């Protein structure tokens, strides 16, 4: 299972790419594997603000519903509207075509609470065996 | 109470095929292999193969069995030998103890398949009502049930058992020999497609599964888990025990009156007659989402006649939208719009005839 280096991760299985005071957010390959076929992604409107680890949306698969947690505080500047028509992109390509929101960060220091790819992989292994 | 997790004789096979498992009625069962949607669509287009050995077969034999089954269940099971019939095991208040399929083997021998979750409840209930000289044999530990479903199911099954099972009509069954064992093949299922449920001795079940998989290659036969089994039955509006069917809801309330034979006497009949004559205030109906969103069991349904509840909900891979069975006021008309409350927000849905597809 792929957890790209250079991304940061939450224990709720979101990934985040931080660049120039902005962050792109999606869910990890592990989250996608657990959820199965994703059929609906409910995303916030541009302009909405979220605190770190606040719920910003919902993902529905055939089997389950899961909340989406905002890895860092910020204001939504862009959402991946294509997911409305193509929720399956999250399954097929969670780190690229399946991205969900882009936020303008309120507090870049918060990244300290997130996991590196290596730490996240270890966390997932523990959760699997747990 | 701690209980050992049960595994079907095909468990190792499922692991080999990369299944993901869920606990279901005490069993560790495959929920999906590749993707629920892919498995679902394979069954609609060509064929899928399921292990449903958690279901509980039992054989009832004796001169009093027919009368007993006629009294304890709602439908007429006095059918020709070789025929199968869906019927409801009733309780005294008009509710349903279980929904089962009864296969008549001979004048006095009936093979019954009951739901996994009700296996012991029904075994005990039937046992209490057996008359002297009648016998019940619980066969779950000895029989595997392999279900092959889909428009090409008959091609696959007939090529393996070397018998023209294509001639066996829907709701009939036959017996064939396989590796020296006796196999019962019924043209029944829970997907709404043509298909077969194969009752095979546990000792040769893996061999038969392998042969079916090999024969199925040319038909793109796909192993399917309980996930697809659930979405397939939901699209057809088939009820599931514990969701639509319960001890508290009558067959009329479940819109299943076609499985009630009022020409005979049976447990709970007085209540059913009253429900048939007067109607019921609530009924199980189909709902199809107008908006995006997936209705789930337990969600509230708002109608102009009062609130109801989703009993089974999910995503229809064929319609590509959310669908549900719901217990709502009976007066709500087909085609009208209701609201399903999804995480505090109202989503519109249309009251729809079942089956959905």
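Residue numbers (the working numbering), protein chains in the order written: chain P, 1 to 130; chain C, 1001 to 1357. Think of the CB as a built atom: it goes at the ideal place given N, C-alpha and C, for glycine as much as any other residue. In this text, all values refer to a predicted model and were calculated from it rather than measured experimentally.
List the residues of chain C that residue 90 of chain P touches, going by C-beta distances under 9 Å, in chain order.
-> Along the first chain, one-based indexing puts residue 90 of chain P at 90. The premise fails here: residue 90 of chain P is roughly 13 Å from chain C at the closest Cβ pair, so nothing lies under 9 Å.
Interface residues of chain P facing residue 1315 of chain C [CB-CB closer than 7 Å] = Position 315 of the second chain, counted from the first residue, corresponds to residue 1315 of chain C. Under the 7 Å cutoff, chain P gives 39 and 62.
What are the uninterrupted segments assigned as beta strand (DSSP E) that are 3 or more residues long and contained completely in the region 1067-1130 of chain C, given in chain order?
-> Counting whole runs of 3 or more residues, the region 1067-1130 of chain C contains the beta strand (DSSP E) stretches 1084-1090, 1096-1106 and 1109-1114.
Host beta strand (DSSP E) of residue 105 of chain P (start-end) | As a position in the first chain, residue 105 of chain P is number 105, starting the count at 1. First-last of the beta strand (DSSP E) with residue 105 of chain P: 101-105.
Cβ neighbours of residue 1133 of chain C in the same chain (closer than 8 Å, five flanking residues each side left out) = As a first step, residue 1133 of chain C is located in the second chain; it is residue number 133 there, counting from the start. If the five residues before and after residue 1133 of chain C are omitted, its C-beta is found closer than 8 Å to the C-beta atoms of 1062, 1063 and 1064, all from its own chain and listed in chain order.
Leaving aside the five residues before and after residue 1001 of chain C along the sequence, list all residues of the same chain whose C-beta is less than 7 Å from its C-beta, in chain order.
-> For this step, residue 1001 of chain C is matched to residue 1 along the second chain. Caution is warranted here: a pLDDT of 46 is assigned to residue 1001 of chain C, below 50, making its placement in the model unreliable, and the coordinate value is therefore given only provisionally. Hits under 7 Å: none found.
Distance, residue 1146 of chain C Cα to residue 1185 of chain C Cα = Position 185 of the second chain, counted from the start, is the residue given in the question as residue 1185 of chain C. Position 146 of the second chain, counted from the start, is the residue given in the question as residue 1146 of chain C. In this structure, the CA atom of residue 1185 of chain C is about 10 Å from the CA atom of residue 1146 of chain C.
Return the residue from the list C:1304, C:1340 and C:1100 that minimises the CA-CA distance to residue 1190 of chain C.
-> Taking the first residue of the second chain as 1, we reach residue 1190 of chain C at position 190. Of the listed residues, the one whose Cα sits closest to residue 1190 of chain C is C:1100.
Where do the N-terminal and C-terminal ends of the beta strand (DSSP E) with residue 1357 of chain C fall, by residue?
-> Here residue 1357 of chain C corresponds to residue number 357 of the second chain, with the count starting at 1. It is not in any beta strand (DSSP E) - residue 1357 of chain C carries neither H nor E in the DSSP assignment.
In the structure shown, what three-state DSSP assignment does residue 114 of chain P receive?
-> The count along the first chain starts at 1 and reaches residue 114 of chain P at position 114. Coil.
Below-7 Å beta-carbon distance, residue 1037 of chain C vs any chain P residue = Indexing the second chain from 1 puts residue 1037 of chain C at position 37. Contact with chain P is found for residue 1037 of chain C, since one of that chain's Cβ atoms lies less than 7 Å from the residue's Cβ.
Under 7 Å, do residue 1173 of chain C and residue 1241 of chain C count as touching if we go by C-beta distance?
-> To locate residue 1173 of chain C, count along the second chain from 1; it is residue 173. To locate residue 1241 of chain C, count along the second chain from 1; it is residue 241. Between residue 1173 of chain C and residue 1241 of chain C, the CB-CB gap reaches or exceeds 7 Å.
Identify each residue in the region 20-47 of chain P for which the Cβ-Cβ distance to at least one residue of chain C is less than 8 Å, and report them in chain order.
-> Residues passing the 8 Å Cβ filter: 36, 37, 39, 40 and 42.
Tell me, to the nearest whole angstrom, how far the beta carbon of residue 1323 of chain C is from that of residue 1308 of chain C; I am working on the premise that it is less than 8 Å.
-> Indexing the second chain from 1 puts residue 1323 of chain C at position 323. Indexing the second chain from 1 puts residue 1308 of chain C at position 308. Not a contact, Cβ separation roughly 15 Å.
Apart from the five residues on each side of it in sequence, which residues of its chain come closer than 6 Å, Cβ to Cβ, to residue 74 of chain P?
-> In the first chain, counting from the first residue as 1, residue 74 of chain P sits at position 74. For residue 74 of chain P, where only same-chain residues beyond five positions count, the Cβ hits under 6 Å are 103, 104, 105 and 106.
Determine whether the Cβ of residue 1301 of chain C lies closer than 7 Å to any Cβ atom of chain P.
-> As a first step, residue 1301 of chain C is located in the second chain; it is residue number 301 there, counting from the start. Not one chain P Cβ lies under 7 Å of residue 1301 of chain C.
At least 3 beta-carbon pairs within less than 8 Å: the region 118-126 of chain P vs the region 32-41 of chain P | The region 118-126 of chain P, when compared against the region 32-41 of chain P, does not touch it at the 8 Å Cβ threshold.
With DSSP collapsed to three states, give me the class of residue 48 of chain P.
-> As a working mapping, residue 48 of chain P is identified with position 48 in the first chain. Under the three-state reduction of DSSP output, residue 48 of chain P falls in the coil class, being neither helix nor strand.
Check each candidate in C:1274, C:1304 and C:1316 and name the one with the smallest Cα separation from residue 1292 of chain C.
-> Start at 1 with the first residue of the second chain, and residue 1292 of chain C comes out as number 292. For residue 1292 of chain C, the closest of C:1274, C:1304 and C:1316 by C-alpha to C-alpha distance is C:1316.
Could you work out which residue in C:1182, C:1281, C:1260 and C:1126 is closest to residue 1273 of chain C when comparing CA atoms only?
-> Against the second chain, residue 1273 of chain C aligns to sequence position 273. The candidate whose alpha carbon is nearest that of residue 1273 of chain C is C:1260.
Check whether the Cβ atoms of residue 1153 of chain C and residue 1195 of chain C sit closer than 7 Å, and answer yes or no.
-> The residue you call residue 1153 of chain C lines up with position 153 of the second chain. The residue you call residue 1195 of chain C lines up with position 195 of the second chain. The Cβ atoms of residue 1153 of chain C and residue 1195 of chain C sit closer than 7 Å to each other.
So what does DSSP say about residue 1301 of chain C, is it helix, strand or coil?
-> The residue labelled residue 1301 of chain C in the question sits at position 301 within the second chain. DSSP, read as helix, strand or coil, puts residue 1301 of chain C in strand.
Taking C-alpha atoms, which residue in P:95, P:92, P:13 and P:81 lies nearest to residue 42 of chain P?
-> To locate residue 42 of chain P, count along the first chain from 1; it is residue 42. Selected option, being the one with the closest Cα: P:81.
Within the same chain, show all residues whose beta-carbon is closer than 8 Å to that of residue 92 of chain P, passing over the 5 residues directly before and after it, in chain order.
-> Counting from one through the first chain, the residue named residue 92 of chain P turns up at place 92. Closer than 8 Å at Cβ, skipping near neighbours: 98.
Within 7 Å (strictly less), CB to CB, does residue 1026 of chain C reach chain P?
-> The residue given as residue 1026 of chain C occupies position 26 in the second chain. No, its Cβ sits nowhere closer than 7 Å to a Cβ of chain P.
In chain order, what residues of the same chain have a beta carbon less than 8 Å from the beta carbon of residue 1029 of chain C, not counting five sequence neighbours either side?
-> Here residue 1029 of chain C corresponds to residue number 29 of the second chain, with the count starting at 1. So the list reads 1008, 1021, 1022, 1023, 1051, 1054, 1225 and 1226, once near-sequence residues are dropped.
Beta-carbon proximity list for residue 17 of chain P, same chain, < 6 Å, skipping 5 on both sides = Residue 17 of chain P sits at position 17 when you count from the first residue of the first chain. Excluding positions up to five away in sequence, the list reads 7 and 24.
Anything in chain C within Cβ reach of residue 58 of chain P, meaning under 8 Å, just list it in chain order.
-> One-based indexing of the first chain puts residue 58 of chain P at position 58. The CB of residue 58 of chain P comes closer than 8 Å to the CB of 1343 in chain C, given here in chain order.
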